[in-house]
Amino acid sequence: MRCRDVQRLATRYVDGELDARRASAVRGHARVCSVCNELLAREAAVRDAVASLDAAVDPPPELWDRIAAQVAAEEIADARRSRVWLWWQAWRRPVTAAAAVVAVAVAVAAAVAWRGRPAPLADAPRVVAAAPAPAAVTVEDQFRDELVRAEARYRRAADELRAIAAEVRREWDADRSAAFDRALADHERRLRAARRAVVAGADPRGHDALFAAYRDEIEFLSEHALAGGPP
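Below, the structure is given as structure tokens:
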């Protein structure tokens with residue numbers, strides 16, 4: 541069981557869909573890999589947060605209309621895709637499913653919160669306001685905070701592995717060091733591009749790309765610094 545296997549099976553693991561053998565293998569890997577342990581904890585937090593949403597709340601009809609229209613457009617587009625593209629989407633879907641659930645839950649919670657907001661009173665008399673009560677923490681706030689914490693954990697893991705690589709590479713020859721530096725630079729460029737996309741907010745799936753870039757870099761550093769394989 542490797543990091544990429546745990547990433548692929550994480551959602552099914554927290555949902556209790558794995559057989560006993562694979563579930564045991566996932567748990568065993570998580571006991572010795574802090575990154576995957578945190579990944580499973582985040583998956584469980586997402587599942588619990590979505591389950592805590594009030595099922596009795598009926599989102600605005602226009603929200604479902606927009607979702608249905610988007611699904612229809614995507615299905616038409618899928619019909620025009622190549623078989624290679626469809627295979628790739630089927631392969632990556634288990635990794636991004638949890639993020640999609642988070643996005644939908646945030647959208648529903650935000651729409652419900654907006655719908656339930658009381659209308660302002662006209663010509664209300666002025667009064668001396670008391671100290672404001674602490675603002676309620678919304679589901680959207682919780683997810684946003686979780687994304688920030690997740691990136692911080694990924695960054696910390698990558699930084700620790702880079703420090704280990706800096707020590708290990710003293711025993712490498714010049715060619716191996718140069719190859720390692722080139723590969724690491726590619727990972728860093730991908731991370732910077734993904735982070736710029738998140739900051740710009742142009743792509744709602746920006747965090748998927750950012751976290752995937754972190755996972756690939758962490759796996760690269762683990763295999764070539766800790767395991768000592770060729771870069």
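For the sequence shown, position 224 (counting from the first letter as 1) is numbered 764 according to my numbering, and the numbering increases by one without interruption. By construction, the Cβ of each residue, glycine as well, lies at the ideal position given by its N, Cα and C atoms.
Residue span of the alpha helix (DSSP H) that contains C573, given as start and end:
Counted as a single uninterrupted DSSP element, the stretch harbouring C573 is not any alpha helix (DSSP H), since DSSP gives it neither H nor E.
Straight-line Cα distance separating A719 from V611
Each residue's alpha carbon lies about 44 Å from the other.
Tell me the DSSP secondary structure of D713 in three-state form.
Coil at D713, not helix or strand.
Can E578 and R684 be called in contact, C-beta distance under 8 Å?
Between E578 and R684, the C-beta gap is not smaller than 8 Å, which leaves the two residues out of contact.
Can you say whether V575 is buried or exposed, counting buried as having 16 or more other CB atoms within 10 angstroms of its CB?
Buried, since its Cβ has 16 or more Cβ neighbours within 10 Å.
I'd like the list of long-range same chain contacts for V554, defined as Cβ closer than 6 Å, with 5 residues on each side in sequence excluded.
Shown here for V554: same chain residues with a beta carbon closer than 6 Å to its own, the five before and five after excluded, namely E583, A584 and R587 in chain order.
Cβ-based neighbour list, S717, same chain, cut-off 7 Å, excluding 5 preceding and 5 following
If you ignore the 5 residues before and after S717, its C-beta comes within less than 7 Å of the C-beta of R709, all in its own chain and listed in chain order.
With a threshold of 16 other CB atoms inside 10 Å of the CB of S762, please say whether the residue is buried or exposed.
Counting Cβ neighbours within 10 Å, S762 comes out buried, since at least 16 surround it.
Segment limits, alpha helix (DSSP H) that includes H747:
Where H747 is concerned, the enclosing alpha helix (DSSP H) stretches over G746 to L761.
Excluding sequence positions up to five away, which residues of its chain have a Cβ less than 7 Å from the Cβ of L549?
Excluding positions up to five away in sequence, the list reads L558, R562 and V566.
From D721, D748 and A723, residue whose alpha carbon lies closest to that of A734
Nearest C-alpha to A734: D748.
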